[in-house]
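Peer 1: Sharing a structure, written as structure tokens. Questions coming.
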Amino acid sequence: DDELAGYVLGPPLVQDGPVLLSAEERSPLHNVTAAAVQPMPGQALGTLWLGTAFAGVFACPWPPDLAPTPAEIATRLTPSDCAVHTTFTGDLLDNSIHDLLLDNDGSLWTASPGGIARYQAGMWQAVPLAAGVTVRGALALAQANDGSLWVGGDGYIAQRQPDGGWAVHTAVDQPLLDDAFQEVAINEWGEVLFRGARRTLRFDGAIWRAYAPDNSSYVEFRPDPRPPAGVTPPPLDFPDPRTVYTAWLQQWPRPAADNGRCFHFVQASWLDVDDAQRHIDRLVDLGARWTVVPYANHFQLRRLAPLFADAGITVVWRPFVRPYEQYDWWEEDVTYLREHGYPPYMQLYNEPSLAQEWDAPHTDDDPPMDQATYWANLLPAMQTVYDAGGYVGLQFISPEWTRATLKHLVANGMEPTFDRLFFVPHPYGLNHPPGYAEDESAVLGFRHFGDIFAQEIGFPPMMIAGEGGWRPGEQQDDRYPPVSQEDHRDFHVAVFEWFRTGTLSDGAPLPDALFAFCPWLIADPVDSAGWYDSRSGDRTLAIEAVLELPPFTRRFSWE
800 DDELAGYVLG PPLVQDGPVL LSAEERSPLH NVTAAAVQPM PGQALGTLWL GTAFAGVFAC
860 PWPPDLAPTP AEIATRLTPS DCAVHTTFTG DLLDNSIHDL LLDNDGSLWT ASPGGIARYQ
920 AGMWQAVPLA AGVTVRGALA LAQANDGSLW VGGDGYIAQR QPDGGWAVHT AVDQPLLDDA
980 FQEVAINEWG EVLFRGARRT LRFDGAIWRA YAPDNSSYVE FRPDPRPPAG VTPPPLDFPD
1040 PRTVYTAWLQ QWPRPAADNG RCFHFVQASW LDVDDAQRHI DRLVDLGARW TVVPYANHFQ
1100 LRRLAPLFAD AGITVVWRPF VRPYEQYDWW EEDVTYLREH GYPPYMQLYN EPSLAQEWDA
1160 PHTDDDPPMD QATYWANLLP AMQTVYDAGG YVGLQFISPE WTRATLKHLV ANGMEPTFDR
1220 LFFVPHPYGL NHPPGYAEDE SAVLGFRHFG DIFAQEIGFP PMMIAGEGGW RPGEQQDDRY
1280 PPVSQEDHRD FHVAVFEWFR TGTLSDGAPL PDALFAFCPW LIADPVDSAG WYDSRSGDRT
1340 LAIEAVLELP PFTRRFSWE
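Here is the structure:
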């Protein structure tokens, strides 16, 4: 099939408006990677925009009817003739420019390892396609006949839609997008072409085709595959916990061979599949059936969710978002999980009363810790997750914030969401033994928060302790010795045994409402609480002890 010959084959083209420079013609003087000439109405000279390999973007005076060949550039220009835009002189996203494009509206777009940026009205603006998607950069740009902008990236393609939003398709869902699309072009029929190292993609406005490197064959595909057929979605209709509490608890989905054992996953919210699988294998070795996973965005959730499902591990998903921020993908996340039969346990925000959660990265000033701001973000998120069919997870470490927020939810009509409400306590043990029950600063502290819920909304929530446990060497309470390696082992084993014996460390019955306990954390290169990979060494004693625990399935009071 040679229908692509003539406009796909041949040397790569660096595009930029009406000008095309072949890779062989790039000027070594300016390290030019892309060029575009912008006429200036009523003026003899226009602007030549040059993208460079490492020096940012040059804006140079240029005759609008003269092609900017490398020879002409070298003859006519010196760097002093041009205005230079770099990360050091302004808000340019990256000094290494892969491609640039003049929009029909006169604005300039750049593609770089840092992603997409736009220059308009004298200002640069970063243009996120979706958080995290451009982590490996944008490679090429093209504008279709209808004015829509197309982006080729490393492992993704994207289209800017009329409303300014982006449709992003990644290799997470479609393996044929696992390529570096270093050229995007529009052919004479208005079709969009993406050339990668492994294949060429062609979109005619209705059908996507992927061509072999020699164009000898193609397959038709969808960039977003349809959900699998025959999947049983997670429960959606829950009874009223204030009237049939046990039946309500029974409705929550749990993993097969549930033993209540959990570990918080790694802190990194963006992992490649191989790294994630390595940590998942550790969870499996330790017999974990639950985990809490911070993640960067919708695409990372889609990348990771099948891995946990294949391992038989149920996940509480926590997007990495601060209390002063909104998250744009709640509905998409829940919809994806439900369509694939994965329980949509969603933790909405994390430790909102903790000052470090209000630290704004890469800014000079942090937002003030403000409960009203948190509530303004929390309530819409709760409603969105609930309406999409998700399970609404609250998280607090402050009893005062817990009580105030529950009162606020009731006062603002959020009670209809409570039938799918659960709580993620963080019962750290400090240096208290597992049976310590004097106050909430212990692994039994989850009960105190359950009491607050019961007082404010009429029932204790289902709980998954998302963080907790002990860190070797800690001694917050002088009445008790520091946590030794032996304590770390024995204390965690005691907590995991709650779910086998049905008895807490102070002799009280294990509440049915506590579904899992997740020590912080499975692995970390810095935090000494990491069971693996910590700079202070693996928690070998605890690991060996947990590996020796016999398998069992937890029995609830109704069984």
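Counted from 1, the sequence shown has number 986 at position 187 by our numbering; the numbering is strictly sequential. Even for Gly, the Cβ is constructed at its ideal location relative to N, Cα and C. All figures in this text were calculated on a predicted structure; none of them were measured in a lab.
(1) State the CB to CB distance for the pair PRO1166 and ALA1159, rounded to an integer number of angstroms; the pair is presumed to be in contact (CB under 8 Å).
(2) Going by DSSP, which residues form a beta bridge with HIS1291?
(3) Given PRO1024, which residues of its chain have a CB within under 8 Å of its CB, disregarding the five upstream and five downstream residues?
(4) In chain order, what are the residue ranges of uninterrupted beta strand (DSSP E) at least 3 long that sit wholly in the region 941–1010?
(5) Is LEU1346 buried or exposed, if buried means 16 or more other CB atoms sit within 10 Å of its CB?
(6) Let me know if ARG1353 comes out buried or exposed under the rule of 16 or more other beta-carbons within 10 Å of its beta-carbon.
(7) Going by the beta-carbon positions, is the gap between TRP1051 and PHE1222 smaller than 9 Å?
(8) Skipping 5 residues on each side, what residues in its chain have a beta carbon closer than 8 Å to that of HIS1247?
(9) With DSSP as the reference, please indicate the residues paired to PHE1222 in a beta bridge.
(10) Using the C-alpha atoms, what's the distance from TRP1319 back to GLY1244?
(11) As a quick exercise: from PHE1064, PRO1040, THR909 and PRO1308, pick the residue whose alpha carbon is nearest that of PHE1107.
(12) Do ALA1241 and LEU1229 have their CB atoms nearer than 9 Å?
(13) In chain order, what residues of the same chain have a beta carbon less than 6 Å from the beta carbon of PRO1259, not counting five sequence neighbours either side?
(14) Are the CB atoms of ASN1058 and PHE1217 nearer to each other than 9 Å?
(15) What residue from ILE956, TYR955, GLU1358 and LEU948 has the CA that sits closest to ASP962's CA?
(16) Is PHE853 buried or exposed, if buried means 16 or more other CB atoms sit within 10 Å of its CB?
(17) Kindly give me the distance between the Cβ atoms of HIS1097 and ASP1132, rounded to whole angstroms, as I take these residues to be in contact under 8 Å.
(18) Going by C-alpha distance, which of LEU938, GLY1336, ASN944 and ASP890 is nearest SER911?
(19) For ARG959, count neighbouring Cβ atoms within 10 angstroms of its own Cβ and tell me buried if that reaches 16, exposed if not.
(20) So what's ASP1311 in DSSP terms, helix, strand or just coil?
(21) Following the continuous beta strand (DSSP E) through GLN919, name the residue where it begins and the one where it ends.
(22) In the DSSP assignment, what are the bridge partners of ARG1117?
(23) So what's VAL831 in DSSP terms, helix, strand or just coil?
(24) Going by beta-carbon coordinates alone, are ILE985 and PRO1054 separated by less than 9 Å?
(25) For PRO1027, which residues from the same chain have a beta carbon less than 7 Å from its beta carbon, with the 5 sequence-adjacent residues on both sides left out?
(26) Spatial neighbours of PRO1233 within its chain, please: C-beta separation below 7 Å, excluding the five flanking residues on both sides.
(27) With H, G and I counted as helix, E and B as strand and the rest as coil, what does DSSP make of ALA852?
(28) As an exercise, report each continuous beta strand (DSSP E) stretch of at least 3 residues that is fully enclosed by the region 1160–1195, in chain order.
(29) Alpha carbon to alpha carbon, how far is GLU990 from VAL950?
(30) Excluding the five sequence neighbours on either side, which residues of its own chain have a C-beta within less than 6 Å of the C-beta of GLN997, listed in chain order?
(31) Can you tell me whether MET922 is buried or exposed? The criterion is at least 16 other CB atoms within 10 Å of its CB, across all chains shown.
(32) When the Cα atoms are used, what is the spatial distance from ASP1164 to LEU1153?
(33) Pull up the CB-CB distance for PHE1119 and PRO1093, whole angstroms please, since I reckon it's below 8 Å.
(34) Going by CA-CA distance only, name the one from GLN1284, PHE1355 and THR886 that's closest to ALA1341.
(35) Helix or strand or just coil, what does DSSP make of TYR1044?
Peer 2: Walking through what the data contain:
(1) 6 Å
(2) Note: HIS1291 sits in no beta bridge, so no partner.
(3) ASP972 and GLN973
(4) 948–952, 955–959, 965–969, 982–985, 991–994, 999–1002 and 1007–1010
(5) exposed
(6) buried
(7) no
(8) If we look at HIS1247 and ignore the five residues flanking it on each side, its Cβ neighbours are PRO1198, ASP1238 and GLU1239.
(9) LEU1193 and MET1262
(10) For GLY1244 and TRP1319, the distance between alpha carbons rounds to 16 Å.
(11) PHE1064
(12) yes
(13) Cβ within range, chain order: GLY1249, PHE1252, ALA1253 and ALA1312.
(14) In this structure, PHE1217 does not lie closer than 9 Å to ASN1058 by Cβ.
(15) LEU948
(16) If you draw a 10 Å sphere on the C-beta of PHE853, you find fewer than 16 other C-beta atoms in it, and that means exposed.
(17) Sure, about 6 Å apart at Cβ, within 8 Å.
(18) LEU938
(19) buried
(20) coil
(21) 914–919
(22) PRO1093
(23) strand
(24) no
(25) Excluding sequence neighbours, PRO1027 sits near HIS1139.
(26) Once the five neighbours on either side are set aside, the close Cβ partners of PRO1233 are VAL1242, PHE1290, ALA1293, VAL1294 and SER1304.
(27) Note: ALA852 maps to coil in three-state DSSP.
(28) You should have 1190–1193.
(29) 14 Å
(30) Here residue 997 turns out to be Arg, not Gln, going by the sequence shown. Counting only Cβ-Cβ distances below 6 Å, and skipping sequence neighbours, we find ASP978.
(31) exposed
(32) 17 Å
(33) 5 Å
(34) GLN1284
(35) Three-state result, TYR1044: helix.
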